[in-house]
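Heads up: the sequence lines are chains B and F, in that order. In terms of the working numbering, the first sequence is residues 2 to 114. In terms of the working numbering, the second sequence is residues 5 to 120. Where is the CB? At the ideal position from N, CA and C, for every residue including glycine. What you are looking at is a predicted structure, and each value in this text was computed from that prediction instead of being measured. Below is one structure, written out as C-alpha cells; comments come after it.
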Amino acid sequence: AQSVAQPEDQVNVAEGNPLTVKCTYSVSGNPYLFWYVQYPNRGLQFLLKYITGDNLVKGSYGFEAEFNKSQTSFHLKKPSALVSDSALYFCAVKRTNAGKSTFGDGTTLTVKP
Amino acid sequence: DTGVSQNPRHKITKRGQNVTFRCDPISEHNRLYWYRQTLGQGPEFLTYFQNEAQLEKSRLLSDRFSAERPKGSFSTLEIQRTEQGDSAMYLCASSPTGVEQQETQYFGPGTRLLVL
C-alpha cells in the first residue's frame with residue numbers, strides 16, 4: 002500500500018517570506034514523488050517531480066522540493082512567496098513502474114500582501 | 005498542443021441513470037488515467053491505460069464503473085445505475101512516452117457529476 006500525508010490543511014505566509022508545504026509518504030521500494038497545484042476553477046498543474054538523482058529538485062514558478070529518504074518526506078519550498086502562489090497544493094507518490102499515483106488531501110496556501 | 009480535454013464539463017443526472025464521460029488526451033500521449041476527486045480530498049486513482057490496454061484498476065471501483073480506450077486515443081468512463089455517492093469531479097490525465105517524461109501527468113479540467 003502507498004500513502005501520502007499532508008499534515009497541514011492550511012499554510013499562511015506573508016508575501017516575500019519563505020514558504021514550506023509539508024509532505025510525508027509511505028511506499029514500498031523507490032518512490033516517485035510529485036507536487037501539483039490547483040488554482041480556483043482550474044485543473045491540476047504539474048509543479049515538479051523527484052524520480053532519481055539530486056535530492057533537491059527545482060520546478061515551475063520558483064518552487065523546489067527536497068527528497069529526504071530517511072524521513073520519507075518531500076517538502077515543497079519557495080524562498081520568497083508571492084500573493085499569486087495562493088492555491089491548493091497536492092503531493093503525490095507512486096511506485097516505480099506502476100500507474101497508480103496516490104495523492105494527499107491537499108494544503109491550502111494563502112500568501113498575504 | 006491543446007491540452008487534455010474532457011466532455012461534458014458538468015453533468016446532472018438522476019439516481020439510477022447511466023452516464024458516460026469522454027477524455028481526449030494530449031496527442032501522442034500513450035498513458036491515460038482516470039481519477040475521482042471529492043471536496044476536501046485529493047484525486048483518487050480509478051484506472052490507467054497504456055495505449056488501449058487497461059493495466060491497472062482500483063479495487064475501490066465497483067462493477068458499475070467501466071472505462072475503455074478502444075484505439076489508444078480518447079477514453080470513456082461509464083457509470084451505470086448512478087448513486088448519490090458517485091457525485092464528484094472526474095479527472096482525466098495523460099502522460100507522454102519516455103522514461104522520465106512518462107511520469108509527468110497532464111490533467112484535464114474535469115467533469116463535475118451531480119447525482120440527484
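Asked                                                                                                            : Found
Alpha-carbon spacing of Arg43 (chain B) relative to Asp86 (chain B), whole angstroms                             : 14 angstroms
Cβ-heavy atom distance, Ala6 (chain B) to the ligand FAD, below 7 angstroms                                      : Questions concerning the ligand FAD fall outside what the structure shown contains, since it holds no ligand whatsoever.
Cβ pair Tyr33 (chain B), Glu32 (chain F) closer than 8 angstroms                                                 : no
Between the CA atoms of Asn69 (chain B) and Phe75 (chain B) - distance to the nearest angstrom                   : 6 angstroms
C-alpha gap between Gly114 (chain F) and Gln72 (chain B), whole angstroms                                        : 34 angstroms
Chain-ordered residues of the stretch 80 to 106 of chain B with a beta carbon less than 8 angstroms from chain F : Phe91, Ala93, Lys95, Ala99, Gly100, Lys101, Ser102, Thr103, Phe104, Gly105, Asp106
Beta-carbon proximity list for Thr109 (chain B), same chain, < 6 angstroms, skipping 5 on both sides             : Gln11, Leu89
DSSP state of Tyr40 (chain B) mapped onto helix, strand, coil                                                    : coil
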